[in-house]
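Mind the numbering: the sequence shown is residues -28 to -1, 1 to 408 in mature numbering (1 follows the signal peptide of the UniProt record, and there is no 0), read in order. Ideal placement from N, C-alpha and C gives every residue a C-beta, glycine not left out. Model, not experiment: these values are computed from the prediction. These notes concern the structure reproduced below.
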Amino acid sequence: MAAGSARYVRYILFAFFALAVLYFVSNSSPVVPPLKPITDHASTKGAESSGPTKATTGATSSNGGSSTSAKEEKPASKKVEFGFGLDPAEYPMAMTPNDPGWDDLSGIKPGPRINATFVTLARNSDVWEIARSIRQIEDRFNRRYNYDWVFLNDKPFDANFKKVTSSLVSGKTHYGEIPKEHWSFPDHIDQDKAKRVREEMAQKKIIYGDSISYRHMCRFESGFFFRQPLMMNYDYYWRVEPSVELFCDIHYDPFRFMHENKKKYSFVLSLYEYVETIPTLWDSTKKFMKNHPEHIAEGNTMAFLSDDGGETYNHCHFWSNFEIGSLNWLRSKAYTDFFESLDQDGGFFYERWGDAPVHSIAASLMLKKEEVHFFNDIAYYHVPFTHCPTGEKLRTELKCHCNPKDNFDWKGYSCTSRYFDANNLEKPEGWESQQD
Ligand SMILES: Nc1nc2c(ncn2[C@@H]2O[C@H](COP(=O)(O)OP(=O)(O)OP(=O)(O)O)[C@@H](O)[C@H]2O)c(=O)[nH]1
Ligand SMILES: *[C@@H]1O[C@H](CO)[C@@H](O)[C@H](O)[C@H]1NC(C)=O
Ligand SMILES: [Mg+2]
């Protein structure tokens, strides 16, 4: 009897102790103060973003000016790496449902931001198609992060385009006009030869084969978007095209993931390029490799591009209408030397080289394997292909609304399986059942 009640007393004392510990823990976890930079950000957005006078003036990036005040309050010994002067160690990212903060998809996410922007090349007539894309990116991700958005156009953006897009983007919006030199034929191009090619391609019914503007677009996305004055304000970009869709919640900051994991290029879909558009692209690439062995990375992903050690190209490429990547890498000597070399060879006009194979070849040869990332958890659609994450558990956790049957990853025309093999990566569970 006496031993029994002593046990109860022990239980009660233990329970009390446990409650006290819980109370202490919950109260001592740092209360996150409303972040001044982010509040400022939201409130000044309207004033700084959409006015026509600001349109092409390389406006200052939002995280530059506001980082100082937060920084001053930090002890000098703390290493502060990111914009906004916050220590990333104090704001761990929730990467799985077991991590604290995973479920919190409301409000503005506290913590550091990366020096990054969304970027869209568009015409004024694309306004409602890009509006759809923006709305999805905002709903699934950016409303909690408020990253900026840069819009680029070979003509001036009109007031309606600016009004609609700036009303949808939660971060600041910037509008840039592309200079003529970045959207025209370089002098060394033989106009007659280029014209003949377009006529031939039109006859062969090659998609966009007869288009001049499509070629300027591909050359611009290959060699110039990352050096526009507005883009010089950032370290990372996320490319968004009109009428794309996102099917799952994004619980963490992909920019920060890229930065912390030293990733320089990423993709969600990959496939074989239409051979007729790039007959000599690999010859030009081999010439570049020979002239610039110093730019070829050790431990690269040549095996993704070639099945015979580089002799021939298998036409695999990452689909570049979705990209999250490092602007500093694209601005590097290695990448720009590659672009200049290709541009001299003329294939943007004498053939119809796309920016997707150009970026992909560069990333696969000039980056280390580990610097390229496949985002299985970012579900994406651009006509006509879908990336719907493999793995039912993951799709449920991320509240995805894509049909897993539409997932292109493991189908015959996708190169993602090759990418996994080239990197000795284990394919996600359930991939075999999605092969057709
Ligand atoms: N400013 C401008 N943007 C363009 C032009 N042509 C294409 N773009 C943009 O460049 C990107 C790629 O063009 P798309 O027409 O989507 O090319 P695609 O993705 O290969 O083909 P689709 O299947 O038609 O989407 C999109 O963001 C377009 O809005 C142009 O002449 N001027
Ligand atoms: C953001 O990146 C650009 C380009 O690298 C750089 O010039 C700028 O100083 C950076 N801003 C901040 C706040 O780090
Ligand atoms: Mg497109």
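1) Do residue 111 and residue 155 come within 8 Å of each other at the CB atom, strictly closer than that value?
2) Does residue 280 get closer than 8 Å to chain B when you measure Cβ to Cβ?
3) Please report how far the alpha carbon of residue 289 lies from the alpha carbon of residue 245, in whole angstroms.
4) Taking DSSP as the reference, what is the three-state secondary structure of residue 408?
5) Assign residue 316 to one of two classes, buried (16 or more other C-beta atoms within 10 Å of its C-beta) or exposed (fewer than that).
6) Would you check whether ligand 2 has a heavy atom nearer than 7 Å to the C-beta of residue 300?
7) Tell me where the alpha helix (DSSP H) around residue 240 begins and ends.
8) Return the first residue and the last residue of the beta strand (DSSP E) that residue 307 is part of.
9) Does DSSP classify residue 164 as helix, strand or coil?
10) How would the residue list near ligand 3 read, in chain order, if you kept each one whose beta-carbon is closer than 7 Å to any heavy atom?
11) Between residue 137 and ligand 1, is there a pair consisting of the residue's CB and a ligand heavy atom that are separated by less than 7 Å?
12) With a threshold of 6 Å on Cβ separation, who are the neighbours of residue 180 within its own chain once the five nearest residues in sequence on each side are excluded?
13) Which same chain residues end up closer than 6 Å to residue 335 when comparing Cβ atoms and leaving out the 5 residues on each side of it in sequence?
14) Let me confirm a value: residue 397 is counted as buried when at least 16 other C-beta atoms fall within 10 Å, else exposed. Which label applies?
15) Which word fits residue 285, buried or exposed, when buried means at least 16 other C-beta atoms lie within 10 angstroms of its C-beta?
16) With 16 as the cutoff for other CB atoms within 10 Å, does residue 329 come out buried or exposed?
17) Measuring alpha carbon to alpha carbon, tell me which of 109, 72, 163 ends up nearest residue 137.
18) Rank 390, 235, 219, 313 by C-alpha distance to the C-alpha of residue 104 and give the top, closest one.
19) For residue 290, which beta-bridge partners are listed by DSSP?
20) If you run the structure through DSSP and keep just helix, strand and coil, what is residue 22?
21) Go ahead and pull the three-state DSSP assignment for residue 389.
22) By Cβ distance, which residues of its chain are closer than 6 Å to residue 139, with the 5 residues on each side in sequence left out?
23) Helix, strand or coil: how does DSSP classify residue 63 here?
On the basis of the data shown:
1) Residue numbering aside, residue 155 sits at position 183 when the sequence shown is read from its first letter. Residue numbering aside, residue 111 sits at position 139 when the sequence shown is read from its first letter. In terms of Cβ geometry, residue 155 and residue 111 do not form a close pair [threshold 8 Å].
2) Considering every chain present, this structure includes no chain B. It has just one protein chain.
3) Residue mapping note: residue 289 aligns to position 317 of the sequence shown, counting from 1. Residue mapping note: residue 245 aligns to position 273 of the sequence shown, counting from 1. C-alpha of residue 289 to C-alpha of residue 245: approximately 7 Å in a straight line.
4) Looking up residue 408 in the sequence shown gives position 436. In the three-state reduction of the DSSP assignment, residue 408 falls in the coil class, being assigned neither a helical nor a strand state.
5) Within the sequence shown, numbered from 1, the residue matching residue 316 stands at position 344. Residue 316 comes out exposed.
6) Position 328 of the sequence shown, counted from the start, is the residue given in the question as residue 300. Indeed, a heavy atom of ligand 2 lies less than 7 Å from the Cβ.
7) Here residue 240 refers to the residue found at position 268 of the sequence shown. Per DSSP, residue 240 is not a residue of any alpha helix (DSSP H), being assigned neither H nor E.
8) For the purposes of this step, residue 307 is taken as residue 335 along the sequence shown, with counting starting at 1. No beta strand (DSSP E) contains residue 307, which is instead part of the alpha helix (DSSP H) from 305 to 317.
9) Along the sequence shown, read from residue 1 onward, the residue named residue 164 stands at position 192. Here residue 164 carries a helix assignment [DSSP, helix/strand/coil].
10) Chain-ordered list of matching residues: 213, 214, 293, 354.
11) As a working note, residue 137 is residue 165 in the sequence shown. Incorrect: residue 137 has no Cβ contact closer than 7 Å to ligand 1.
12) As a first step, residue 180 must be located in the sequence shown, where it is residue number 208. Residues 186 of the same chain have their beta carbon placed closer than 6 Å to that of residue 180, with the five preceding and five following residues left out of the count.
13) Indexing the sequence shown from 1 puts residue 335 at position 363. Contacts found: 237, 344.
14) Walking along the sequence shown from the start, residue 397 turns up at place 425. Flag for residue 397 reads exposed.
15) Taking the first residue of the sequence shown as position 1, residue 285 is located at position 313. Burial is judged here by how many other beta carbons sit within 10 angstroms of a residue's own beta carbon; residue 285 has at least 16 and is buried.
16) Counted from its first residue, the sequence shown places residue 329 at position 357. By the neighbour-count criterion, in which a residue is buried when 16 or more other Cβ atoms sit within 10 angstroms of its Cβ, residue 329 is buried.
17) As a first step, residue 137 is located in the sequence shown; it is residue number 165 there, counting from the start. Ranking 109, 72, 163 by Cα distance to residue 137 puts 109 first.
18) As a position in the sequence shown, residue 104 is number 132, starting the count at 1. Ranking 390, 235, 219, 313 by CA distance to the CA of residue 104 puts 219 first.
19) Position 318 of the sequence shown, counted from the first residue, corresponds to residue 290. Beta-bridge partners assigned by DSSP to residue 290: 242.
20) Working through the sequence shown from its first residue, we reach residue 22 at position 50. Annotation note: pLDDT 38 at residue 22 (below 50); position unreliable, no value reported.
21) One-based indexing of the sequence shown puts residue 389 at position 417. It is helical.
22) Numbered from its first residue, the sequence shown carries residue 139 at position 167. There are no such residues.
23) Position 91 of the sequence shown holds residue 63. DSSP places residue 63 outside both helix and strand once states are collapsed to three, so it counts as coil.
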